[in-house]
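Have a look at the structure below before the remarks.
Here you go:
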């Protein structure tokens, strides 16, 4: 069988169109590596000229009302429990609170491997 990693917003339209694909959440057992979760991020720069406005924007983006366009228009899923997935909530896609074991990463190890990864992958894509 063929397998691959794909974001759910690519999977859902293919599944709905009748493609023979399924979605699984790997390694959720105790001791497994967990399911890869790649969140969108929002942040305020330390040098932001209007930090209170930046904080208000972040609060809005993380609210159910502010997150809704990302769910309905972009097919993203919220990291805050209780926000529905919109149209992408069908076909086996789980909200973050339903993923039993999100994968944990050691950022220091990832950063240490960065240069080697760039060295290995750059020739493949350029």
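In our numbering, the protein residues as written are 3 to 128.
Backbone N, C-alpha and C define an ideal beta-carbon position, used for all residues, glycine too.
Just so we're clear, the structure is a prediction, and the values are computed from it rather than from any experiment.
1) What is the rounded straight-line gap between the Cα of residue 36 and the Cα of residue 87?
2) Going by DSSP, what residues sit across from residue 104 in a beta bridge?
3) What are the start and end residues of each continuous beta strand (DSSP E) run of 3 or more residues lying completely inside the segment 74-100, in chain order?
4) Does DSSP put residue 120 in a helix, a strand or coil?
5) Alpha carbon to alpha carbon, how far is residue 40 from residue 99? Give it in angstroms, no decimals.
6) As a quick exercise: from 93, 69, 12, 54, pick the residue whose alpha carbon is nearest that of residue 83.
7) Identify which residue in 44, 65, 17 has its Cα closest to the Cα of residue 93.
8) Quick one: Cα of residue 124 to Cα of residue 115, how far?
9) Contact check, residue 50 vs residue 56 under 8 Å by CB: the rounded distance?
According to the data block:
1) On the chain shown, residue 36 is found 34 positions in, with the first residue counted as 1. On the chain shown, residue 87 is found 85 positions in, with the first residue counted as 1. Whole-angstrom Cα-Cα distance: 21 Å.
2) For the purposes of this step, residue 104 is taken as the residue at position 102 of the chain shown. Per DSSP, 37.
3) List check, beta strand (DSSP E) in window: nothing returned.
4) Here residue 120 refers to the residue found at position 118 of the chain shown. Residue 120 falls in the helix class under three-state DSSP.
5) Along the chain shown, one-based indexing puts residue 99 at 97. Along the chain shown, one-based indexing puts residue 40 at 38. Taking the straight line joining both Cα atoms gives about 14 Å.
6) As a working note, residue 83 is residue 81 in the chain shown. Of 93, 69, 12, 54, the residue nearest in Cα terms is 69.
7) Taking the first residue of the chain shown as 1, we reach residue 93 at position 91. Closest in C-alpha terms to residue 93, from the list 44, 65, 17, comes 17.
8) Within the chain shown, numbered from 1, the residue matching residue 124 stands at position 122. Within the chain shown, numbered from 1, the residue matching residue 115 stands at position 113. Rounded to whole angstroms, residue 124 to residue 115 spans 14 Å at the Cα level.
9) The residue given as residue 50 occupies position 48 in the chain shown. The residue given as residue 56 occupies position 54 in the chain shown. Here residue 50 really is in contact with residue 56; their C-beta atoms are around 5 Å apart, less than 8 Å.
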